[in-house]
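*Asks:* To start, I am sharing the structure in question, which I have written as structure tokens.
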Amino acid sequence: MEVRLIQGKRENAHGRSGLNAGGTRTRPGLRLREATALAAAGGTDGASHHEGKRQPSNVIGHFVSKCGLFCLQGDQHYAALTLATLKASAVQEQYLGQPVVNATCASAGYPEDVMTEPCWPQLRLWFRSGEQGDYDFEHFAEPDGHAS
């Protein structure tokens, strides 16, 4: 399956970007209360770091969901806060037992840096290459939807 980037969006040969009609992907079942826990612990946008909140550690960390369809990479501290929030959310079964690793997603077998995770804007979504990566990209939100 051919994959191409169009205006920063990954699209497959069928013209599907894997995003919803608003151009973003949401995490089904993630409640506002859970998302705000991350914001209170360190912020969910780049601006918060400039307003006296915790500065990024400049140490890369990543975690992979149990389904193995994707890898999330970013500042190690932010990744740990995100993972803790996910483990306490409606989608926890996809993340329980998963650690934050001090390495890149590429080193874990996910070489394709595709997009910023809309719910966690300081993390990037990485996928495997080739047809497996195309499949993973098309279906990566489904396990969270089933879990919530």
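If you're matching positions, the sequence shown starts at 1 in full-length UniProt numbering and goes up one per residue. The beta carbon of each residue, even a glycine, is placed where N, CA and C say it ideally should be.
What's the C-alpha gap between glutamate 112 and aspartate 75?
*Replies:* 18 Å
*Asks:* Would alanine 47 be called buried (16 or more neighbouring beta carbons within 10 Å of its own) or exposed?
*Replies:* The predicted model places alanine 47 with a pLDDT of 37, which falls under 50 and marks its position as unreliable; any figure quoted below should be read in that light. Counting the other CB atoms within 10 Å of its CB gives alanine 47 a total below 16, which places it among the exposed residues.
*Asks:* Looking at phenylalanine 70 and leucine 125, is the spacing between their C-beta atoms short of 8 Å?
*Replies:* yes
*Asks:* What residue from Val59, Ala103, Phe140 has the CA that sits closest to arginine 128's CA?
*Replies:* Phe140
*Asks:* Use the C-beta contact count for glutamine 132: other C-beta atoms within 10 angstroms, 16 or more gives buried, fewer gives exposed.
*Replies:* So glutamine 132 counts as exposed.
*Asks:* CA-CA distance, alanine 80 and phenylalanine 137?
*Replies:* CA-to-CA, the gap between alanine 80 and phenylalanine 137 works out to about 23 Å.
*Asks:* Under the assumption that serine 65 contacts tyrosine 110 (Cβ atoms under 8 Å), give the Cβ distance between them as a whole number of angstroms.
*Replies:* With a Cβ gap of about 11 Å, serine 65 and tyrosine 110 do not count as contacting.
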